[in-house]
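A.B. asks: Protein chains in written order, with my numbering: chain A, 263 to 855; chain B, 269 to 459.
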Amino acid sequence: MWWTRNKPRLINASLRGGKVVTAETVVGTIGKSAEFRTCQFTGLKVDVAAQSLIKANAVAAVVFLLIGGLMGLSVALTRWPAVHLLPAEWFYLALTGHGTNVLLFWIIFFEIAVLYFASAVLLNSRIAAPKFAWLGFILMVVGALLTNYEVLRGESSVMFTSYPPMQAQPNFYLGLILFAVGALIGVAVFFATLVIAKEEGSYQGSIPLVTFGALTAAIIAVFTIAGGAVILIPTWLWSLGLISYIDPLLYKVVWWSMGHSSQQVNVSAHVSLWYMIAALVVGARPLSEKVSRTAFLMYILFLQLASAHHLLAEPGLDASWKIVNASYLMYLAVLGSMIHGMTVPGSIEAAQRRNGYNKGIFEWLRKAPWGNPAFAGMFLSLVMFGFIGGISGVVLGTEQLNVLMHNTLYVPGHFHGTVVTGTTLAFMAATYLVLPLIFQREIVWPKLAKIQPYLFGIGAAGISLFMMGAGTLGVPRRHWDITFSDAPLPYAESAGAFLMMGLNGVSAILAALGGAIFVIVVVGTVLFGKKITGGHKLAFPLHAGGGATVSHYGSEGTIKLPGTIILVAVFFTAFVLYYFINWKYLSELWLFR
Amino acid sequence: MAITPPKQRIWWNEPVEKVELIWASIAFLWGLFMFGFMIAWHFIGQQNLNKEAYRIAPSAYEAKVDEFAKKFKVREEQGVPVVKPPAGTDVYLLGRLWQWWPILELEKGTSYRIHISTVDWMHGFSLQPVNINISAYPGYEHVITLTPTSAGEFGIVCNEYCGIGHHMMTGKIYVVDQKQAEVDQRLAAGR
């Protein structure tokens, strides 16, 4: 038979030619002669090219955090009726810029740095194709600057979501597309680095949990960016006049397949960082690798359905479609987060008890390194992401309950709980480790750094809670003037709503102060921090076991975790109560069907 | 260590902590319950959003609303007609830059088929202080059967950003309590 004769010959040919397809033949030999240094704290081998890329991406992230943060402060001060800082045009401009700069540019630049760290550094490997990675970085910078330029020119105040038929300048969309292409290159470099590390045997066995989490984030990022391309490229062509019509409902369905999924990239990334910080600062080991990794897999499998969260109050969509999608198929992705919400504090409790803080139920928590901003930021992020962002997200994403807060300030309240108190705070906390380990600089002004996570965390929590409060009272989102003083038919918001907006303004000032300290400490450290040399002791010490090569399972099995069980029980009670309170509110509304 | 490879090459073979298993089971069951409760509310609840919607050209919808307003207009407020449709009939509401049009007068405890759509951009129908929030699209006519359960004066606020006049976009719904009105009348006559 022709195929039986042909087949072996084909294999022979490839063997004889010696051209087996490997990462080497695909990516090229550019990085083969990579230069390494050995980290004195963890014993990890660090590729110098990867180190420069991590630095560049982290610095770019902080720059855009500064720009977006200032815009955010001006938005909150305008919403504070007693201050009402900006005129209307400037308010809508600043709100558009705030969303794009912090939600996209700050977070994604930082995530690319996390991806390079979790692949090249944690796996002791060289980074794949560093020149290609730099190309991605440049594209991201150009895209971010182009979009910012268009926003600042004032003719693209279409908000972060840019719903048609409202139209921005073509370069607004083009900048976002360039940025996404650059990010996609970063993700590709991450995958290639994983392949190289495997082939060159730079680690034994499976990849570490943190890398696994980063891999989850990268996989979700691929289909997030694909969704973005499907909607942003036609929208760009529409703004150029090459396409005549974009259906607004269809746009919203597809846009949110990017917009919401990209938040799941953030969740995967910051949960990975929780595990990383817990490991480096208190020597925590996952209670069970199997459980934590399965929880990450839940994200990949179910988070893509979240587009529906934005379509619960839209015309023409079937209830069964809404229920299946908005619940991530029976809340299986929420299950993933609830598992991390137990295993992360559980692993910290187990580690602290092993470290000797074994008295009573909460000694492990009381004697945790609260003075280390990396730990403090991480733990605040963990608690607030669960209590504020998580619970409100499930309530907001419930098919019928959504009608209570759809498009009110409750929505930004919720996502400031996830993206600011969760992701941003975790990224800030991780930065306090990146500075000594990657920049090899001692953190300047450690006393200021110590209070930073608390200031920022409390401020951000206030922003979330007071916006949620205002939204519950009906205050609309993206709204310049809740006194409606220019409206032909007047409407008066309640006194409670005004109080909420004032408290929101105060919280924003606190958060901005925390943000400013963060930027000052980072910039100060990068420029003036003392160079870390051999035998250097850190102001914020890492756990002595930071360099252990293999994790050990089992010791946690003998340690009971009463503190974590109580924390989780408190969380669960709060969740159930808040869930039913909202059903009670709903049952008191006018009737509709 | 979360930053180092797991001890077992195949992480799936690692044992699971009992406390983790219990928590994951509780969380899973709670998820199932919440999933089931959304379905249940369609049977036990009185607040479920209808999926009834029609494709319509914005200009055609505008014409329908104009005709409706002309037919049932009872008075005018600041140039905007106040429209009182017969109980239980079709009611048309239009969002445009920057107003919700016309003003409606409804009866408490009576069901109306409320049609909502826009002529230009996306708008938000946010009934306050009741706090019912629904998105409105150009080209889609959304029909909701609504029964007011409280009387008084209610505002409609736009909560979908619609450009520079977004914060001026409002509307109004009056709900009258017919029974209460009749009782008041009788009392007044008796005196």
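Glycine is no exception: its CB is placed at the ideal position from the N, C-alpha and C atoms.
(1) Who are B/E345's beta bridge partners in DSSP?
(2) Measuring CB to CB, does A/V451 end up less than 8 Å from A/I389?
(3) Going by DSSP, name the residue or residues bridged to A/P738.
(4) Please go through the same chain and pick out, in chain order, the residues whose beta-carbon is closer than 6 Å to the beta-carbon of B/Q446, but skip the five residues on each side of it.
(5) Once DSSP output is grouped into helix, strand and coil, what is the label at B/I271?
(6) For the alpha helix (DSSP H) that A/L687 lies in, which residues bound it at each end?
(7) Can you say whether B/I307 is buried or exposed, counting buried as having 16 or more other CB atoms within 10 angstroms of its CB?
(8) Name the residue from A/Y425, A/Y716, A/I585, A/Y593 whose alpha carbon lies nearest to the alpha carbon of A/Y561.
(9) Does the Cβ of B/K440 have 16 or more other Cβ atoms within 10 Å, making it buried, or fewer, making it exposed?
(10) Quick one: using the 10 Å Cβ neighbour count with 16 as the cut-off for buried, is B/R323 buried or exposed?
(11) Using a Cβ cut-off of 8 Å (strictly closer), state whether A/M428 contacts chain B.
(12) Can you give me the C-alpha to C-alpha distance between B/P273 and A/S464, rounded to a whole angstrom?
(13) Is it right to say B/N399 is buried, meaning 16 or more other beta carbons lie within 10 angstroms of its own, or is it exposed?
(14) If you draw a straight line from the alpha carbon of A/G503 to that of A/F649, how long is it in whole angstroms?
(15) I believe B/L365 touches B/G407 by the beta-carbon criterion, under 8 Å. Please report the beta-carbon distance rounded to the nearest angstrom.
(16) In whole angstroms, what is the alpha-carbon distance linking A/N386 and A/V376?
(17) Could I get the ranges of all uninterrupted beta strand (DSSP E) runs contained in the region 367-399 of chain B, with 3 residues as the minimum, in chain order?
(18) Would you check if there are 3 or more beta carbon pairs closer than 8 Å linking the region 765-783 of chain A to the region 320-334 of chain A?
(19) Just list the beta strand (DSSP E) runs in the region 771-800 of chain A, keeping only unbroken ones of 3 residues or longer that don't cross its boundaries, in chain order.
(20) Taking the straight line between their C-alpha atoms, what separation do you get for B/F336 and B/H383?
(21) Compare the C-alpha of A/V657 against each of A/V645, A/A318, A/F677 and name the closest.
(22) Which word fits A/F790, buried or exposed, when buried means at least 16 other C-beta atoms lie within 10 angstroms of its C-beta?
(23) Alpha carbon to alpha carbon, how far is A/K307 from A/A479? Give it in angstroms, no decimals.
(24) Name, going along the chain, the residues of the region 408-425 of chain B whose beta-carbon falls closer than 7 Å to a beta-carbon of chain A.
(25) So, helix, strand or coil for A/S501, using DSSP?
(26) At a Cβ cut of 7 Å, what residues of the region 735-754 of chain A count as close to chain B, listed as they run along the chain?
(27) Excluding five sequence neighbours on each side, which residues of the same chain lie with their C-beta closer than 7 Å to the C-beta of A/V812?
(28) Could you please give the first and the last residue of the uninterrupted alpha helix (DSSP H) stretch that includes A/G330?
(29) Taking A/P698 as the reference, give the member of A/P803, A/A344, A/R616, A/I725 with the closest Cα.
(30) So A/G786 and A/V706 are in contact, right, with Cβ under 8 Å, and what is the actual spacing, rounded?
(31) Cβ closer than 7 Å: which chain B residues qualify as neighbours of A/G359?
(32) Run the CB neighbour count on B/N281, radius 10 Å, all protein chains shown included, and call it buried at 16 or more, exposed below.
(33) Ends of the beta strand (DSSP E) at B/A321?
(34) When the cut-off is 8 Å and only beta carbons count, does A/M592 lie next to chain B?
(35) What residue does the alpha helix (DSSP H) around A/R415 start on, and which one ends it?
C.D. replies: This is what the structure holds:
(1) In the second sequence, the residue the question calls residue 345 of chain B occupies position 77. B/E345 is bridged to B/V348.
(2) If you number the first sequence from 1, residue 451 of chain A lands on position 189. If you number the first sequence from 1, residue 389 of chain A lands on position 127. Contact flag set, yes.
(3) On the first sequence, residue 738 of chain A is found 476 positions in, with the first residue counted as 1. In the DSSP output, where bridge partners are listed per residue, A/P738 has A/T670.
(4) Here residue 446 of chain B refers to the residue found at position 178 when the second sequence is read from its first residue. The answer, listed in chain order, is E375.
(5) For the purposes of this step, residue 271 of chain B is taken as the residue at position 3 of the second sequence. If DSSP states are grouped into helix, strand and coil, B/I271 belongs with coil.
(6) On the first sequence, residue 687 of chain A is found 425 positions in, with the first residue counted as 1. Counting along the chain, the alpha helix (DSSP H) containing A/L687 begins and ends at 687-699.
(7) For the purposes of this step, residue 307 of chain B is taken as residue 39 along the second sequence, with counting starting at 1. Looking at its Cβ environment, which holds fewer than 16 other Cβ atoms inside 10 Å, B/I307 is exposed.
(8) As a first step, residue 561 of chain A must be located in the first sequence, where it is residue number 299. Nearest option by C-alpha distance: A/Y593.
(9) As a first step, residue 440 of chain B must be located in the second sequence, where it is residue number 172. B/K440 is buried by the Cβ-count criterion.
(10) Taking the second sequence and counting its residues from 1, one reaches residue 323 of chain B at position 55. Sixteen is the threshold: since fewer than 16 other Cβ atoms of the shown chains lie within 10 Å of the Cβ of B/R323, the residue is exposed.
(11) Taking the first sequence and counting its residues from 1, the one referred to as residue 428 of chain A is at position 166. Yes, because at least one Cβ of chain B sits closer than 8 Å to the Cβ of A/M428.
(12) Counted from its first residue, the second sequence places residue 273 of chain B at position 5. Counted from its first residue, the first sequence places residue 464 of chain A at position 202. Cα to Cα, the separation comes out at about 11 Å.
(13) Reading the second sequence from its first residue, position 131 is the one you call residue 399 of chain B. When all chains shown are included, B/N399 counts as buried.
(14) Mapped onto the first sequence, residue 503 of chain A falls at position 241. Mapped onto the first sequence, residue 649 of chain A falls at position 387. About 46 Å.
(15) Position 97 of the second sequence, counted from the start, is the residue given in the question as residue 365 of chain B. Position 139 of the second sequence, counted from the start, is the residue given in the question as residue 407 of chain B. Contact flag wrong, Cβ pair sits at about 16 Å.
(16) Counting from 1 along the first sequence, the entry for residue 386 of chain A is found at position 124. Counting from 1 along the first sequence, the entry for residue 376 of chain A is found at position 114. Going from the Cα of A/N386 to the Cα of A/V376 covers about 15 Å.
(17) 367-369, 371-375, 380-386, 391-396
(18) yes
(19) none
(20) Within the second sequence, residue 336 of chain B is the residue found at index 68, counting from 1. Within the second sequence, residue 383 of chain B is the residue found at index 115, counting from 1. Their Cα atoms are separated by approximately 11 Å.
(21) Translated into positions along the first sequence, residue 657 of chain A becomes position 395. Nearest option by C-alpha distance: A/F677.
(22) Taking the first sequence and counting its residues from 1, one reaches residue 790 of chain A at position 528. Counting the other Cβ atoms within 10 Å of the Cβ of A/F790 gives fewer than 16, which makes it exposed.
(23) Counting from 1 along the first sequence, the entry for residue 479 of chain A is found at position 217. Counting from 1 along the first sequence, the entry for residue 307 of chain A is found at position 45. C-alpha separation (whole angstroms): 24 Å.
(24) Y408, H410, I412, T413, L414, T415, P416, T417, G423, V425
(25) As a working mapping, residue 501 of chain A is identified with position 239 in the first sequence. DSSP places A/S501 in helix when its eight states are reduced to three.
(26) G736, P738, R739, R740, H741, W742, D743, F746, D748, A749, P750, L751, Y753
(27) Taking the first sequence and counting its residues from 1, the one referred to as residue 812 of chain A is at position 550. Bear in mind that the predicted position of A/V812 carries a pLDDT of just 37, short of 50, making it unreliable; the figure below should be weighed with that in mind. Answer for A/V812: no residue qualifies.
(28) If you number the first sequence from 1, residue 330 of chain A lands on position 68. Start and end: 310-341.
(29) The residue labelled residue 698 of chain A in the question sits at position 436 within the first sequence. Comparing Cα positions, the closest option is A/P803.
(30) As a position in the first sequence, residue 786 of chain A is number 524, starting the count at 1. As a position in the first sequence, residue 706 of chain A is number 444, starting the count at 1. Sure, about 4 Å apart at Cβ, within 8 Å.
(31) Indexing the first sequence from 1 puts residue 359 of chain A at position 97. Think of a sphere of 7 Å around the beta carbon of A/G359: no beta carbon from chain B falls inside it, the nearest being about 14 Å out.
(32) Translated into positions along the second sequence, residue 281 of chain B becomes position 13. A residue is called buried once 16 or more other Cβ atoms fall within 10 Å of its Cβ, and B/N281, having fewer, is exposed.
(33) As a working note, residue 321 of chain B is residue 53 in the second sequence. Looking at the DSSP string, the run of the beta strand (DSSP E) that includes B/A321 is 321-323.
(34) Translated into the one-based positions of the first sequence, residue 592 of chain A becomes position 330. For A/M592, the answer is yes, since a Cβ of chain B falls inside 8 Å of its Cβ.
(35) Here the question's residue 415 of chain A lines up with position 153 in the first sequence. 392-415 is the span of the alpha helix (DSSP H), which, as asked, contains A/R415.
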